[in-house]
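Read the structure below first, then the notes.
2 protein chains.
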Amino acid sequence: MSQNIYDNAQFFAGYATLDRSVKGLDGAPEWPALQCLLPDIQDKQIIDLGCGYGWFCRWAQQQGAAHILGLDVSEKMLERAREMTTGNGIDYQHADLETLKLPSENIDLAYSSLALHYLQNIDGLFATLFQALKPGGKLVFSAEHPIYTATLKQGWINHVDGQKCWPVDHYQQEGERLSNWFAEGVKKQHRKLATWINALIAAGFVIEQLDEWGPSDDQIAANPALSEEKERPMLFLLSARKPG
Amino acid sequence: MSQNIYDNAQFFAGYATLDRSVKGLDGAPEWPALQCLLPDIQDKQIIDLGCGYGWFCRWAQQQGAAHILGLDVSEKMLERAREMTTGNGIDYQHADLETLKLPSENIDLAYSSLALHYLQNIDGLFATLFQALKPGGKLVFSAEHPIYTATLKQGWINHVDGQKCWPVDHYQQEGERLSNWFAEGVKKQHRKLATWINALIAAGFVIEQLDEWGPSDDQIAANPALSEEKERPMLFLLSARKPG
Numbered sequence: 404m405s406q407n408i409y410d411n412a413q414f415f416a417g418y419a420t421l422d423r424s425v426k427g428l429d430g431a432p433e434w435p436a437l438q439c440l441l442p443d444i445q446d447k448q449i450i451d452l453g454c455g456y457g458w459f460c461r462w463a464q465q466q467g468a469a470h471i472l473g474l475d476v477s478e479k480m481l482e483r484a485r486e487m488t489t490g491n492g493i494d495y496q497h498a499d500l501e502t503l504k505l506p507s508e509n510i511d512l513a514y515s516s517l518a519l520h521y522l523q524n525i526d527g528l529f530a531t532l533f534q535a536l537k538p539g540g541k542l543v544f545s546a547e548h549p550i551y552t553a554t555l556k557q558g559w560i561n562h563v564d565g566q567k568c569w570p571v572d573h574y575q576q577e578g579e580r581l582s583n584w585f586a587e588g589v590k591k592q593h594r595k596l597a598t599w600i601n602a603l604i605a606a607g608f609v610i611e612q613l614d615e616w617g618p619s620d621d622q623i624a625a626n627p628a629l630s631e632e633k634e635r636p637m638l639f640l641l642s643a644r645k646p647g
Numbered sequence: 404m405s406q407n408i409y410d411n412a413q414f415f416a417g418y419a420t421l422d423r424s425v426k427g428l429d430g431a432p433e434w435p436a437l438q439c440l441l442p443d444i445q446d447k448q449i450i451d452l453g454c455g456y457g458w459f460c461r462w463a464q465q466q467g468a469a470h471i472l473g474l475d476v477s478e479k480m481l482e483r484a485r486e487m488t489t490g491n492g493i494d495y496q497h498a499d500l501e502t503l504k505l506p507s508e509n510i511d512l513a514y515s516s517l518a519l520h521y522l523q524n525i526d527g528l529f530a531t532l533f534q535a536l537k538p539g540g541k542l543v544f545s546a547e548h549p550i551y552t553a554t555l556k557q558g559w560i561n562h563v564d565g566q567k568c569w570p571v572d573h574y575q576q577e578g579e580r581l582s583n584w585f586a587e588g589v590k591k592q593h594r595k596l597a598t599w600i601n602a603l604i605a606a607g608f609v610i611e612q613l614d615e616w617g618p619s620d621d622q623i624a625a626n627p628a629l630s631e632e633k634e635r636p637m638l639f640l641l642s643a644r645k646p647g
């Protein structure tokens, strides 16, 4: 199974300080764009892969989803999610997404935010989700963009004239990347955008929309630090559909 | 219409020295990968958008295609293509791909190699090709990769430790990029990979395969200069299908 960095105390403490941890969905600048990819979820069966604190699960509950299953590999995250959740229609379960089993044609929407780039085996998960979705059901997810993950030395550098740029190297070399993000040696998987897309198609999905996310002018006006995100996409958002 | 740099004498002379000009398809390292995306073309109706010297048209003729229409904006290219072509089943025509009109449901394969990144209006061409393809017909093309085109200052740079990398900046800023490639001020269009893919989907196409091309180990062994192409994709190859 993948590294479970979220149960590392130092990482967990750091992660808890992020806007997206404190403020939830509204603290994630890509959330408006991700929301645009979502189908109507009223009365629908939903699964959230890597649910973290359960922000999306609770949002889906408020939107009138019939049932939401939140899955995470981190017991600490699930504990926090359960504490913050009231009302019916949400279950949280511990799960390793690389060995996940799900009943057939039971789900309307599979959702995942910034979790799948931790997985080594994406083909297996996509096959599992394809069989678990009802015909016409959707998979909507975000992950770190390969432009962001490719380099072995993450961090902005400068052109000779001082213009900031992001280094891309080792793009064709897929596999593990180590970063020091709240803790030493956080393991992520770099895979080409082509690999993500071809894996979905091989599993049977139809690609519906790709968003190489960047901030809007309004977002930059409200938070000028977001401006650098226009230089290179850190994330991509993708919507795929099971035909039928 | 787009800039017709191929009729610039200096550019034309420089372009003529490229391996892909002298040796044809075998001089293009991405050709084996592009060929993998092609359907069987025997007895098929084919259009080549930006046919250049007509290398692909003649290859398709040898493969037994029923008819190939080679289109190019450059009269010089078409002249050379006609000189080099013998036998039946190929027509070369002058065309501006941005205002192209084609009969409905007449084509089995629309092919294009490294031409579409010159176009400002890709939506119109994709709509034209969609209606011109027979149901089940395919569009297979290559174009410069947005990782390659994004930066305003193309060229390798170094990390502080000397590791070579490719700069990515202004990725979200789509539109014109000027490069000095055999001539001053060659105009190309930078568009996000998401924009290419979403434009195809909006036109009705189903995405079949994406290849962010990189050289194989065998290719690097035969031509060590290709090694740097592993650091970042310069090209992408894409196959899309008209349903039916």
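From first to last, the protein sequence lines are chains F and Y.
Under the numbering used here, the first residue of the first sequence carries the number 404, and numbering increases by one thereafter.
Under the numbering used here, the first residue of the second sequence carries the number 404, and numbering increases by one thereafter.
All C-beta atoms, glycine included, are put in the ideal place defined by N, C-alpha and C.
Given the structure is predicted, the values throughout are model-derived calculations rather than measurements.
Asked                                                                                                                                                                                                 : Found
For GLY490(Y), tell me which candidate among PHE533(Y), PRO442(Y) and CYS460(Y) has the shortest Cα-Cα distance.                                                                                      : CYS460(Y)
Interface residues of chain F around ASP614(Y) at Cβ under 7 angstroms?                                                                                                                               : ALA597
Can you name, in chain order, every residue of its own chain whose Cβ lies under 7 angstroms from the Cβ of HIS573(Y), other than the five neighbours on each side?                                   : ALA553, THR554 and LEU555
Does the Cβ-Cβ distance between ILE444(F) and LEU472(F) come in under 8 angstroms?                                                                                                                    : no
Please list the terminal residues of the continuous beta strand (DSSP E) segment that includes VAL571(Y).                                                                                             : 567-571
So, under 8 angstroms CB-CB, GLY617(Y) and GLN575(F) are touching, yes? Tell me the CB distance rounded to an integer number of Å.                                                                    : 4 angstroms
According to DSSP, GLY671(Y) sits in a beta bridge with which residue or residues?                                                                                                                    : Only positions 404 to 647 of chain Y appear in this structure, which leaves residue 671(Y) out of reach.
Would you please verify whether the beta carbon of VAL543(Y) is less than 8 angstroms from any beta carbon of chain F?                                                                                : no
Cα-Cα, which of ASP526(Y), LEU512(Y), ALA513(Y) and LEU532(Y) is closest to LYS504(Y)?                                                                                                                : LEU532(Y)
State yes or no: is the beta carbon of ASP572(Y) nearer than 8 angstroms to at least one beta carbon in chain F?                                                                                      : yes
Per DSSP, what are the beta-bridge partners of ASN561(Y) in this structure?                                                                                                                           : LYS567(Y)
Chain Y beta carbons: is any one of them nearer than 8 angstroms to that of GLY540(F)?                                                                                                                : no
Please report the Cβ distance between LYS645(F) and LEU522(F), rounded to the nearest whole angstrom; I am assuming they are in contact, meaning their Cβ atoms lie under 8 angstroms.                : The pair is not a contact, with the Cβ atoms about 20 angstroms apart (cut-off 8 angstroms).
Which one or two residues does DSSP pair with VAL543(F) in a beta bridge?                                                                                                                             : TYR514(F) and SER642(F)
Tell me the DSSP bridge mates of SER507(F)?                                                                                                                                                           : According to DSSP, SER507(F) bridges with nothing at all.
In the DSSP output, which residue or residues are listed as bridge partners for THR613(F)?                                                                                                            : Note that residue 613(F) is Leu in the sequence shown here, rather than Thr. LEU613(F) pairs with LEU641(F).
Does the structure place the stretch 626-643 of chain F close enough to the stretch 408-419 of chain Y that three or more beta carbon pairs sit under 8 angstroms?                                    : no
Roughly how many angstroms lie between the CA atoms of ARG423(F) and PRO627(F), to the nearest whole one?                                                                                             : 17 angstroms
Residues of chain F with CB closer than 7 angstroms to the CB of VAL609(Y), please, in chain order.                                                                                                   : VAL609
Using the Cα positions of TRP462(F) and ASP511(F), report the straight-line distance between them to the nearest angstrom.                                                                            : 16 angstroms
Helix, strand or coil for LEU536(F)? Go by DSSP, reduced to three states.                                                                                                                             : strand
Leaving aside the five residues before and after ILE623(F) along the sequence, list all residues of the same chain whose C-beta is less than 7 angstroms from its C-beta, in chain order.             : LEU629 and SER630
Whole-angstrom Cβ separation of CYS454(F) and ALA484(F), contact assumed at under 8 angstroms?                                                                                                        : 6 angstroms
Can you give the beta carbon distance from GLN612(Y) to SER582(Y), rounded, assuming they're within the 8 angstroms contact cut?                                                                      : Going by Cβ atoms, the distance from GLN612(Y) to SER582(Y) rounds to 28 angstroms, so no, they are not a contact pair.
Please classify TRP599(F) as buried or exposed, where buried requires at least 16 other C-beta atoms within 10 Å of its C-beta.                                                                       : buried
Listed from N- to C-terminal order along the chain, which residues in the stretch 552-572 of chain F have their beta-carbon within a distance smaller than 7 angstroms of any beta-carbon of chain Y? : THR554, LYS556, ILE560, HIS562, GLN566, LYS567, CYS568, TRP569, PRO570, VAL571 and ASP572
What would DSSP say about HIS548(Y), mapped onto helix, strand or coil?                                                                                                                               : coil
Examine chain Y for any beta-carbon lying closer than 8 angstroms to the beta-carbon of LYS633(F), and answer yes or no.                                                                              : yes
Find the nearest neighbour of ALA468(Y) within the set THR502(Y), PHE529(Y) and LEU441(Y), judged by alpha-carbon distance.                                                                           : LEU441(Y)
From TYR551(F) to PHE544(F), what does the alpha carbon distance come to, in whole angstroms?                                                                                                         : 17 angstroms
Can you pull the chain F residues whose beta carbon is under 7 angstroms from the beta carbon of ASN601(Y), in chain order?                                                                           : GLN612 and LEU613
Keeping to the same chain, check which residues put their C-beta closer than 7 angstroms to that of GLN448(F); ignore five residues upstream and five downstream.                                     : ALA469, HIS470, ASN509, ILE510 and ASP511
How would you label CYS439(F), buried or exposed, when you count the other beta carbons within 10 angstroms and need 16 or more for buried?                                                           : exposed
Among residues of its own chain, excluding the 5 on either side of ALA436(Y), which ones have a beta-carbon nearer than 7 angstroms to its beta-carbon?                                               : ASP614, TRP616 and LEU640
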